[in-house]
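In the numbering used here, the protein residues as written are 1325 to 1616. Note that the Cβ used here is the ideal one computed from N, Cα and C, for glycine as well. Bear in mind that the values here come from a model prediction, so they are computed numbers and not experimental data. Data block below; observations after.
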Ligand SMILES: [Cu+2]
């Protein structure tokens, strides 16, 4: 008798512990730095973050209400207190309520979600555009109408550190932003709508810088679009986000957002370099591929 009662209590306690064990650390964990979605530095990324947090809190409230009702019911209406099960079935009022409330919640979530999606897909009225061509394993950026084009690859230090142990000349621990640095950064001005036209030469790649909000596939034979407008100067890092072959992990993306004057100066420098080097960029690819 005592044993049966004890195991019943234990079962209930385990249920409570499991529910609390899943909910409390889950909520706390989401707020640890680096775990939650980054708020980012573009108008779209902050909209996405706002949407994410809104839905997160709706889910938390639903979770607390549903689990709370379950836990209270299990505790107060337990057999050992002499509670007899109700025998009714069908309650139209309750059924209308539990259909209408989730419907309203879903509509409430769909409105801001649709607004964010429409904004993400609005490619009109951009200030500048860059054609991004991915290939194994590098990015090519062409600033449209500016006579500026270059390849962007893993920086030499990260590349030396990523080699197999016997060929390694640099310790990965000593490399800042290991595997997240490139030789040529994508420089863009702040507060300008930058349109990216993405495609690929060989297999599918994906351009992804978390702090700019969203990512987009670069697919051979197709041109995909994405846009961002960075509000804060800084360096933002990302990676190819589509498994694209052996060196997929070694094609990072680095975007440097600067003020308009600095951007103009950089463009001028790049124009000079592009004019000097001619087609040298293509030769470099061959040399790099051989070296790899
Ligand atoms: Cu890739």
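query	result
According to DSSP, is residue 1527 helix, strand or coil?	coil
Does the segment 1408-1420 come close enough to the segment 1506-1513 to have 3 or more Cβ pairs within less than 8 Å?	no
Quick check on residue 1491: buried or exposed, where buried means 16 or more other Cβ atoms within 10 Å of its Cβ?	exposed
Any idea what DSSP makes of residue 1405, helix, strand or coil?	helix
Of the choices 1438, 1501, 1567, 1473, whose alpha-carbon is the least far from that of residue 1559?	1501
In angstroms, rounded to a whole number, what distance separates the CA positions of residue 1426 and residue 1529?	38 Å
So does the segment 1563-1573 actually touch the segment 1531-1538, counting three or more Cβ pairs closer than 8 Å?	yes
Beta-carbon separation of residue 1518 and residue 1433 under 7 Å?	no
Can you list, in chain order, the residues of its chain with a C-beta nearer than 6 Å to that of residue 1371? Leave out the 5 residues immediately preceding and following it.	1440
Kindly indicate which residue of 1572, 1579, 1569 has the alpha-carbon position closest to the one of residue 1555.	1579
What is the rounded straight-line gap between the Cα of residue 1587 and the Cα of residue 1374?	30 Å
For a test of the three-state rule: what should DSSP assign to residue 1595, helix, strand or coil?	helix
Assuming residue 1457 is part of the beta strand (DSSP E), what are its boundary residues?	1452-1459
What are the boundary residues of the alpha helix (DSSP H) that includes residue 1371?	1367-1400
Put residue 1543 into one of helix, strand or coil per three-state DSSP.	coil
Please return the same chain residues whose Cβ sits closer than 6 Å to the Cβ of residue 1504, not counting the five positions on each side in sequence.	1561, 1576
Taking DSSP as the reference, what is the three-state secondary structure of residue 1613?	Residue confidence is low: residue 1613 scores 48 on pLDDT, short of 50, so the model does not pin down where it sits. Its coordinate-derived value is still stated next. Residue 1613: helix per DSSP, three-state reduction.
Assign residue 1535 to buried or exposed, taking buried as 16 or more other Cβ atoms, counted over all protein chains shown, within 10 Å of its Cβ.	buried
For residue 1543, which option in 1507, 1523, 1396 has the closest C-alpha, if you only look at C-alpha atoms?	1523
Give me the Cα-Cα distance between residue 1574 and residue 1476, rounded to the nearest whole angstrom.	11 Å
Measure the beta-carbon distance from residue 1485 to residue 1495 and round it to whole angstroms, keeping in mind my assumption that it falls under 8 Å.	7 Å
For residue 1516, which residues in the same chain have their Cβ closer than 7 Å to its Cβ, ignoring the five residues on either side in sequence?	1451, 1452, 1553
In whole angstroms, give me the CA-to-CA distance for residue 1507 and residue 1478.	6 Å
Please indicate yes or no: does the CB of residue 1575 lie closer than 6 Å to some heavy atom of ligand 1?	yes
Per DSSP, what kind of secondary structure is residue 1485 in: helix, strand or coil?	helix
Compare the beta carbon distance of residue 1521 and residue 1598 with 7 Å and say whether it is the shorter of the two.	no
The beta strand (DSSP E) spanning residue 1549 covers which residue range?	1548-1552
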